[in-house]
Each structure stands twice: as structure tokens, then as C-alpha cells.
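**Q** In the numbering used here, the protein residues as written are 187 to 685.
Ideal Cβ placement from N, Cα and C applies to all residues, glycine included.
All of these numbers come straight from a predicted model, not from anything done at the bench.
Quick one: the structure is below, questions incoming.
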């Protein structure tokens, strides 16, 4: 029984058969993309997936904008006005991409990027790169290739990380449940507004920090490399969608809770994470600022208007503000984008700060600063209020735990029941592991529990259930425990700790 509580501990018979273990790993890495490809192919007809589309690439002008964002040819950006609730694009100077590319090649035009924060945070252009280069038209009726590749890669990386930490069964259960989750699959294959970036960022960060939990994995260079990679991934995810900043907290907590490591080592890894994040985030910002300046020159050359400002849509402080909005109305917060704009825009005008659009104040270069100052001021002056918001959001997250689902191809099975039993089982398992000194698995349980950082701090009430991954993590741990317990009862003994 005690060994069964070790969850997915490396089974002795697998340790004695390294070739078999390698073949099983290769088989798993091969099956994951095939499995996800099957889900992607049937996503449009899957009744379990959420039907919330965000139109961004469904017409000729906008797909030309994506070509331009890739630096293939210049196109006039939005003129700062809206028509029918949708941004109005200027007609591109060419009728098709071929003519544009020929023009650029003939005149040795430099690669340029568009100033188009209407459609996406700037890093989202890299997600569309695959579709654009393949000549595909992005639409709500077909999966976006770039998003599918990233989600599949994150699933494979997570599976590999668990395998490296000798937690194979837990890894397989986790990947199966996360890869079947309707809110994740729907966001990846049926939503083109960047919402997929937050959970994918968390999965990739987890893939970086889980190997560090292996007690024998103490090579300083490799530990530092994984920590730096975690920080860089958060910066890249944040450039796609601001909510991805939650991943930095997961990486920091993971480094601080590493078992059998001196505190000096843990603090060093935290510094590496934060430094890598700052460097990559700064490089991304500088890249797009310079790209916007080059684009402005091209727009002027072609008698096109130039949009002022260069801040991205959904900055980090924008998402933190919205996270306070569910239960912070008493201090002027609200859960919607418009609530943030309603506060920032009048203040920006009062301070005579440049605002280039009469509705969307995020185009002001001071947008993030104005939002940040209010959030930090309110938290500092009333920490009890802030703690209450977090506690109430945590309770709501538990209450809104989505049904669990397992899907393979056209077949799927859903299990709807309240989420609180999973949380109690997770907390009980963590307590048992602590009593048994199962440090490594306890840390992984804590890390998965920490994935609630997104719905707790940086997302709105409308997306709590879709952002919370902890229910799936808890279910995976229970499944892994049952499998391990069954194996121990049938003669397969588990080792005491991953080495």
C-alpha cells in the first residue's frame, strides 16, 4: 500500500529492461501527434467542444495583413476607426501575395512587420506563420496549423518530462486527460484569438521544471538551461497572450520547492528563470518596436496612414486587472476589456497622454503603466480585500470544475461530477506523500496544483473553468495511483523514489 501511494514510481521491471522502456517512450511520442491529428480532423463536428469563434482571418484583407506581419509585403494598417464592430483595413497595394513578393524581391526590400495590434498580441504572428506560408486561409471551420503544432509539441514535451523523471504512468494519464479536455481542444482547434497560448505555456513550463524534480539530475549546466528555457517560454507565450505570464509563477515556485537541493541552488535557478524571462521579453518588445518604425516608413512611402503607439493588445496588467474584476467592483474593477478601457482612457486624456484611438486606450504607450499603478496601489493599501478576491476566485474555480473527458478519434467519454472530491483527493494524497517523505511526487502535485494561478490571478470569471487544469491533474494522479496500486498487488513492485 505504501508503495502504491508513490503514484507513478519507476517500476523495477522497467528499470531492468531499458530497451523496452525506450521503445515504449518512442511509441508514446509517435502516438501523441497521431492522436491529436485525429482530434483536430474531427474538431469541427465534435459536440463536446465549445463553439466560441473569434473572427480574425476570414477575409482577403485580413489574410493579407498576416502576410504583411510575416514581412512578405507592406499593407496599410487600420485607420483608427471601426465599422460595424470590425476593424477596417486599407486595400493592400497589390492584388495578390505573389505580386507583392515579386515586387519586394526585385527591389531588395527589407523585411518589414505591420503595425496591427488590432488582431493579436504581436507574437501571435509567429503562430500564423505556418498557415500563411502554406497558403492556407485561416477560418473558423478548420484547425489552425500553428496552434495545433504548438499544442502537440507541448503534449509530447510534457510526456517526455514525466518519463525522464521516472513518473511514466502519471505522465501518460496527465497527457491523455489534458489532450482530451474539451476546453483545451476547442481553444486549440476552433479558436483563433490566442486563448490557447496560456495553457500551452503552462504545459511547456511544466515540461521544463518536472525533470528538475528527479533527485539524481543535479548537473548545474542542464538545470540552468531548463530554468532559462522556462523563463524564455513564458516571455514568448506572453507575447501571444498576456495571461501566459502566470507561467512565471509556476517556474519560480517549482525552483523553490525542488527536493534535495540546497537553498543557494534553488535561488540561483530562480534568478536564471527571471533573467531569461526579462531578456527574451525585452528582445521581443524591441523587435516589434523597431518593426513598427520600419513599417511606418513604408506606409508613408506608399501614402498610407500610420497608426500611433506600439503597445500590444491585452498587456499583462490588462489581464491582471480583469482578474480582479469578478469580485473587485467595489474598487472600480470589472471583468471585461471595456472596464479597463473605461478607466484608462479618461485618465490618459486628463494627463494628456497620447491615445491614438477614441475607444481602445491600449494603443497608448502608457496604457500598461496606468493600469499597473492602480492595481498595485489598491493591493498595497488594502491587502485584505485582495486576499478576499483570491479566496473567492479559488472557491469559484472549484465549483466550476469542468467535466473530465477522454477522447480518441471519434470516440469520447465524459465524466461529469463536482470538482471538490478531486481537490480533496489531491490534498489527501499530498498529505500522505508528505508523511511518507515522498518529496519528489509531492512537489509535482504541488506544481500541478499551482496551475490554478491563471484562473486565480489573471483571467476573468467567464473563463475560470476553461483555464483551470488542476482538476485534470488531480484526476491523473488518482488514475496513476490506482494503476500503480493494482500493479503492486499483482507482483510488480515499485522503487522508493525516482533516481
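Consider the C-beta atom of residue 641 and the heavy atoms of the ligand NAP; say whether any pair is separated by less than 6 Å.
**A** The ligand NAP is not part of the structure shown, which contains no ligands of any sort.
**Q** In terms of residues, what are the limits of the alpha helix (DSSP H) holding residue 591?
**A** Taken as a continuous stretch (DSSP letters only), residue 591 belongs to no alpha helix (DSSP H), being part of the beta strand (DSSP E) at 590 to 594.
**Q** What are the boundary residues of the beta strand (DSSP E) that includes residue 402?
**A** Premise fails: residue 402 is in no beta strand (DSSP E) and is neither H nor E.
**Q** Which of the three DSSP states is assigned to residue 474 in this structure?
**A** Three-state DSSP puts residue 474 in a helix.
**Q** Roughly how many angstroms separate the alpha carbons of residue 573 and residue 667, rounded to a whole number?
**A** For residue 573 and residue 667, the distance between alpha carbons rounds to 34 Å.
**Q** Under the assumption that residue 433 contacts residue 388 (Cβ atoms under 8 Å), give the Cβ distance between them as a whole number of angstroms.
**A** So it is a contact: roughly 5 Å between Cβ atoms.
**Q** In the DSSP assignment, find the beta strand (DSSP E) that holds residue 599 and state where it starts and stops.
**A** Counting along the chain, the beta strand (DSSP E) containing residue 599 begins and ends at 597 to 601.
**Q** Measuring only the C-alpha atoms, how far is residue 411 from residue 533?
**A** When rounded, the distance between both Cα atoms is 43 Å.
**Q** For the segment 389 to 397 against the segment 338 to 356, do three or more pairs of beta-carbon atoms, one drawn from each stretch, fall closer than 8 Å, so that the two count as touching?
**A** In short, these stretches touch, since the Cβ pair count reaches three.
**Q** Using a 10 Å radius around the Cβ and a threshold of 16 neighbouring Cβ atoms, would you call residue 446 buried or exposed?
**A** The residue in question, residue 446, is exposed, as its Cβ has fewer than 16 Cβ neighbours within 10 Å.
**Q** Apply the 10 Å Cβ neighbour rule to residue 336 and answer buried if 16 or more other Cβ atoms are within range, or exposed otherwise.
**A** Flag for residue 336 reads buried.
**Q** With respect to the alpha helix (DSSP H) encompassing residue 560, which residues constitute its N-terminal and C-terminal limits?
**A** Here the alpha helix (DSSP H) through residue 560 covers 553 to 567.
**Q** Tell me the DSSP secondary structure of residue 407 in three-state form.
**A** Residue 407: helix per DSSP, three-state reduction.
**Q** Are there 16 or more other CB atoms within 10 angstroms of the CB of residue 302, so buried, or fewer, so exposed?
**A** For residue 302, the predicted structure reports a pLDDT of 42, less than 50, and the residue's modelled location is therefore unreliable. A value from the coordinates is still provided. Buried is the call here.
**Q** So residue 589 and residue 598 are supposed to be a Cβ contact under 8 Å. How far apart are they, rounded?
**A** The Cβ separation is near 11 Å, so there is no contact.
**Q** Closer than 7 Å by C-beta to residue 643: which residues in its own chain qualify, once you throw out the five before and the five after it? Chain order, please.
**A** So the qualifying residues of the chain are 432, 506 and 509.
**Q** Would you say residue 456 and residue 438 are within 7 Å of each other, going by their C-beta atoms?
**A** It is a contact, given that the beta carbons lie within the stated cut-off.
**Q** Please classify residue 577 as buried or exposed, where buried requires at least 16 other C-beta atoms within 10 Å of its C-beta.
**A** The residue is exposed, with fewer than 16 neighbouring Cβ atoms inside 10 Å.
**Q** Answer with buried or exposed for residue 570, where buried requires no fewer than 16 other C-beta atoms within 10 angstroms of its C-beta.
**A** Residue 570 is exposed by the Cβ-count criterion.
**Q** What's the call for residue 222, buried or exposed, on a 16-neighbour Cβ count within 10 Å?
**A** By the 10 Å Cβ count, residue 222 comes out buried.
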